[in-house]
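Colleague:
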Amino acid sequence: MKKTAKTLLIGVMSISLAACSDNNDEPQSDGEKALAELNERLYVDGQFRFPQQAPDGQFYGYTDDKAEAKAKAEAMIGHELVNDAYTLTLPDNYGIVKVTPSEDATIYYTMYISVKGEEPKTCNIVDLAWYEDNAFSTLLTFKPEKLL
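Sequential numbering of the sequence shown, starting at 4, is according to my numbering.
Structure, rendered in structure tokens:
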């Protein structure tokens, strides 16, 4: 009886040790953490904040005014813009996000997003008038959508 109990105890301890050595408990790198945090800000309920990709391959979303555009850009990068621009560099070469103002009054900001594991994206925060100026309103399959 003692031998069976001892064998059972050794078996249970072996299983417990094996479960504790799971690789999922290892801490992520700083780059992985920063990318996960950035993705939490770039996606809302699993949807990319820029709701549309236009025929030119770039992503677009509009805001009601430049103040709202600035607030959205800052929320996405998690930093305040300095002189209307900011470059966020993720650790461990996990990528960059660069926000720049546009000379075109109907494009408030352009965001270049290049992160590990994804194709680079050029995203524009625009005024609704931008769609009208660029004749996108004539495309039946392309309807302007507000930036999430």
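For each residue, glycine too, the CB sits at the ideal point set by N, CA and C.
Model, not experiment: these values are computed from the prediction.
1. Is DSSP giving Lys-36 helix, strand or coil here?
2. Taking the beta carbon of Asp-25 as the centre, do at least 16 other beta carbons fall within 10 Å, making it buried, or is it exposed?
3. Near Ile-128, what residues of its chain come up, given a Cβ to Cβ distance below 7 Å and the 5 sequence neighbours on each side ignored?
4. For Val-98, count the other beta carbons within 10 Å of its own beta carbon; 16 or more makes it buried, fewer makes it exposed. Which is it?
5. Let me know the secondary structure DSSP gives Pro-94 once reduced to three states.
6. Could you pull the start and end residues of the beta strand (DSSP E) that Lys-124 belongs to?
7. Per DSSP, which one or two residues make a beta bridge with Gln-31?
8. Do Leu-131 and Leu-93 have their C-beta atoms within less than 8 Å of each other?
9. Exposed or buried, Glu-148, counting other C-beta atoms within 10 Å across all chains shown (16 or more means buried)?
Modeller: Taking the geometry as given:
1. helix
2. Legend: pLDDT at Asp-25 = 49, less than 50; position of this residue unreliable, no value from coordinates given.
3. Gly-64, Thr-66, Ala-72, Lys-75, Ala-76, Tyr-111, Tyr-112 and Leu-150
4. For clarity, residue 98 is Gly in the given sequence; the question names Val instead. Its Cβ being crowded by 16 or more others within 10 Å, Gly-98 is buried.
5. helix
6. 124 to 130
7. None, per the DSSP bridge assignment.
8. no
9. exposed
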